[in-house]
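These notes are about the structure you will find just below.
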Amino acid sequence: MDTTLDDPLVGQTLDGRYRVDARIAAGGMATVYRAVDTRLDRVLALKVMHPALAADPGFVDRFIREAKSVARLAHPNVVAVFDQGTHGPYTYLAMEYVSGCTLRDVLRERGALQPRAALDILEPVLAALGAAHRAGFVHRDMKPENVLIGDDGRVKVADFGLVRSVDSVTNTTGSVLGTVSYLAPEQIENGVADTRVDVYACGVVLYEMLAGSKPHTGANPAQVLYQHLNEDVPPPSAAVPGLPAALDELVAQATARNPDLRPYDAAALLGLAMDARAQLGDAELDAVPPQARAAERTAAEDRTSVIPRPVTSHAEPVSHTSRLAAPPLPLPPAPASAPAAARFRRPGVLLTVLGVLLFLGLGTGVWYISSGQFTKVPNLLGKTETEAKSQLSAAGLGVKRIDRKFSAAFDKGTVMNTDPAGGKRIRGNGAVTLTISRGPEVVIVPDLKGKPLEAAKAELTSAGLTPGAVTQAFSQDVAQGSVISTDPTGGQKRALDTVVAMVVSKGRPVPVPRVTGASLDQARSTLEGLGLKVETAPEAVNSPSPAGTVANQSIGAGTQAATGDTVTLTVSKGPRQIPVPDVTDQEVDAARATLEGLGFKVKVDRPFLSFSNTVDSQSVPAGQNAAEGSTITIRTKGL
7 MDTTLDDPLV GQTLDGRYRV DARIAAGGMA TVYRAVDTRL DRVLALKVMH
57 PALAADPGFV DRFIREAKSV ARLAHPNVVA VFDQGTHGPY TYLAMEYVSG
107 CTLRDVLRER GALQPRAALD ILEPVLAALG AAHRAGFVHR DMKPENVLIG
157 DDGRVKVADF GLVRSVDSVT NTTGSVLGTV SYLAPEQIEN GVADTRVDVY
207 ACGVVLYEML AGSKPHTGAN PAQVLYQHLN EDVPPPSAAV PGLPAALDEL
257 VAQATARNPD LRPYDAAALL GLAMDARAQL GDAELDAVPP QARAAERTAA
307 EDRTSVIPRP VTSHAEPVSH TSRLAAPPLP LPPAPASAPA AARFRRPGVL
357 LTVLGVLLFL GLGTGVWYIS SGQFTKVPNL LGKTETEAKS QLSAAGLGVK
407 RIDRKFSAAF DKGTVMNTDP AGGKRIRGNG AVTLTISRGP EVVIVPDLKG
457 KPLEAAKAEL TSAGLTPGAV TQAFSQDVAQ GSVISTDPTG GQKRALDTVV
507 AMVVSKGRPV PVPRVTGASL DQARSTLEGL GLKVETAPEA VNSPSPAGTV
557 ANQSIGAGTQ AATGDTVTLT VSKGPRQIPV PDVTDQEVDA ARATLEGLGF
607 KVKVDRPFLS FSNTVDSQSV PAGQNAAEGS TITIRTKGL
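Position in the sequence shown (from 1) plus 6 gives the number in my numbering.
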């Protein structure tokens, strides 16, 4: 049923600017609407936080953090954020509207995808996350629902609402936020969420695209969590036989249960994905998988949720109005012959289940007993140093010490981290350590024009930058193999580890002449005289060209090649010899069709004053061989 008509926001105009036209989707934390920016007359998406959550400073901070972090990225594969504001009880983000569907819609409709399609989706996702990781952010909730595929084929990553700074990625509030099907083991056990949790999630998404179903499924979320902790993601070829080993290896690298064995961020995984693609031929990339129906989803598996972890006497209570909790369901039973403890291979699994029980039955009581002795640390992220000290003083807390670190995520002079974290309770006379941002650590991109590629890569690495994609282009003034230009260009200031793409010279262009029909020696002399290399194909072929001459050339005539490029020449064995059929006494049109179908040319000779349409004779007798492409004359009967 369409509930748009029942939505009180539809038809309203927020901030006198954004007219809400229709509801697109609703989640546990926000609802997304299609709206019109009446000032700029453009369609956009309006993400509005549920009013019940707007009273929670933590969720409001998350909304604002999403706006700031995504606005800083300005990446073509990230859904752009245009504006952020509040209107009465509503806190909203004005975002880019992507007309199309989600990857979840594609998987639900098509099941497993061809390897080329899976990589075509994965690579822009990794490019977007790589930019976020290099800018200091972790997404933490990668899943097919957050991958948008526009009607024009563009792929964009959405919902950076759970984004965190790389410098403060450990969740210590007693819960881990995410979607159970894509959670990395370290998120489940201890809440650690650095760039490698996004890498793990992308590996699970890649498996799902290749296999058509999730690697870990169960009757309840607890079973899925147990598998993440204790079982490796299987190779997708186990579900879809025939998938190349390179794709199995790519999934295995991304989903290693030990985070130290994974690529360190999405940019590194992107490089491995491109290497895997390069190992595959067109037949492997375009192999059509058996369209087995994808495993049924459950709402609990695909919903972004808070999975409780063990709470202590100092833990903050979890608000039922602001977080979703997965129900406490049993883990898969151990074999009957094993002791009860054998079902928990790691302490973290037991603690996870105990955390669910404590959350539902004991957490509130523990907090109530100790609440009078503790003060809640204010949320200071993004505040200036002066503002932070003032708020701490007002809360009766002191400053233990001040650390200063570089950060691309927080403005210079603002708080980028606190210990204890905002919202955590400490004793009333406690002190807080503030980490103040020194702003992004910047380096100057060196001028690499004219430098050999390997020397340029070494200079970028030495400067603290990352060599990126290398493309080639012709140049009249830059030597072959040397750098023509970089992006960003030399002299610009960029954050540490910024990826720098390079265009490398192929040298001056060499127009390739036509050598088909020429003798092999003559063709070789002509091409080598232009600075090109020549190779001969191992087998000759039949062709209209005389035997011993060049039948084909691998680089076509008129094409521009680079000095040192190789042209492969195929030698002709001459035309094929084809037996000529008997077409006498046939109608002219039928005889012509027969001969032309065999590769001959046909000439019709009609005697003077002949009105017959029947073939009387043919220039090559039936049964004799003639060269393919040669002309056979047929003569009609005379008077």
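Glycine included, C-beta positions come from ideal geometry on N, C-alpha and C.
Bear in mind that the values here come from a model prediction, so they are computed numbers and not experimental data.
Residue environment analysis places P221 among the buried positions, since at least 16 neighbouring C-beta atoms fall within 10 angstroms of its C-beta. Ranked by Cα distance from G570, the first of P587, G537 and T392 is G537. Contiguous alpha helix (DSSP H) elements confined to the region 86-159 occur at 109-116 and 121-140, taking only those with 4 or more residues. The Cβ atoms of G456 and S488 sit closer than 8 Å to each other. For T542, the secondary structure class from DSSP, reduced to helix, strand or coil, is strand. Between L231 and P473, the alpha-carbon positions lie close to 38 Å from each other. From the listed residues A164, E115 and R29, the smallest Cα separation to A73 is found for A164. Under the rule that a run must span 3 or more residues, the beta strand (DSSP E) segments found entirely inside the region 419-450 read 421-425, 431-433, 437-443 and 448-450. In the displayed model, I194 falls within a helix according to three-state DSSP.
Counted as a single uninterrupted DSSP element, the stretch harbouring V509 is not any alpha helix (DSSP H) but the beta strand (DSSP E) occupying residues V505 to S511.
With a contact defined as Cβ atoms closer than 8 Å, V586 and A628 qualify at about 6 Å. Under the three-state reduction of DSSP output, T392 falls in the helix class. If you draw a straight line from the Cα of K382 to the Cα of A400, it is about 12 Å long. In the DSSP secondary-structure assignment, D611 is bridged to R641.
DSSP, reduced to helix, strand and coil, places L275 within a helical segment of the structure shown.
Put simply, of L398, L119 and S219 the residue whose alpha carbon is nearest the alpha carbon of D292 is L119. When DSSP reads this structure, K382 sits in a beta bridge with R431. Take A217, set aside five residues on each side of it, and the residues of its chain with a beta-carbon closer than 7 Å to its own are A118, P242, A245 and V246, in chain order. The region 147-166 and the region 200-210 touch, with no fewer than 3 CB-CB distances between them shorter than 8 Å.
Residue range A251 to A260 is occupied by the alpha helix (DSSP H) that includes Q259. A check of alpha carbon separations from S511 across T477, R23 and V540 identifies T477 as the nearest. The residues L132, V205, C208, A260 and P269, in chain order, have a CB closer than 7 Å to that of L275 in the same chain once the five nearest residues on each side in sequence are set aside.
By the CB criterion at 8 Å, L235 and E195 fall inside the cutoff. If you draw a 10 Å sphere on the C-beta of Q583, you find fewer than 16 other C-beta atoms in it, and that means exposed. For the beta strand (DSSP E) assignment, the uninterrupted runs of no fewer than 3 residues enclosed by the region 549-595 are, from N- to C-terminal side, 556-559, 566-568, 572-577 and 583-585. Between V85 and P130, the C-beta gap is not smaller than 8 Å, which leaves the two residues out of contact. Ranked by how close their Cα comes to the Cα of A137, the residues T504, T620 and Q630 have T504 in first place. The three-state reading of DSSP puts R283 in helix, counting H, G and I together.
Per the DSSP secondary-structure output, Q624 pairs in a beta bridge with I640. Under DSSP, V161 takes part in a beta bridge, and its partners are I155. Straight-line spacing of the CA atoms in G419 and G445 works out to 7 Å. It is roughly 18 Å from the alpha-carbon of G496 to the alpha-carbon of D483. Spatial neighbours of D453 in its own chain (CB-CB distance under 7 Å, excluding positions within 5 residues in sequence) are listed in chain order as G496 and G497.
Residues of the same chain with a CB within less than 6 Å of the CB of P57, apart from the 5 flanking positions on each side, are P95 in chain order.
Exclusion of the five residues before and after S625 leaves I638 and T639 as the residues of its chain whose Cβ lies within less than 6 Å of its Cβ.
Boundaries around K463 are those of the alpha helix (DSSP H), L459 to S468, since no beta strand (DSSP E) includes it.
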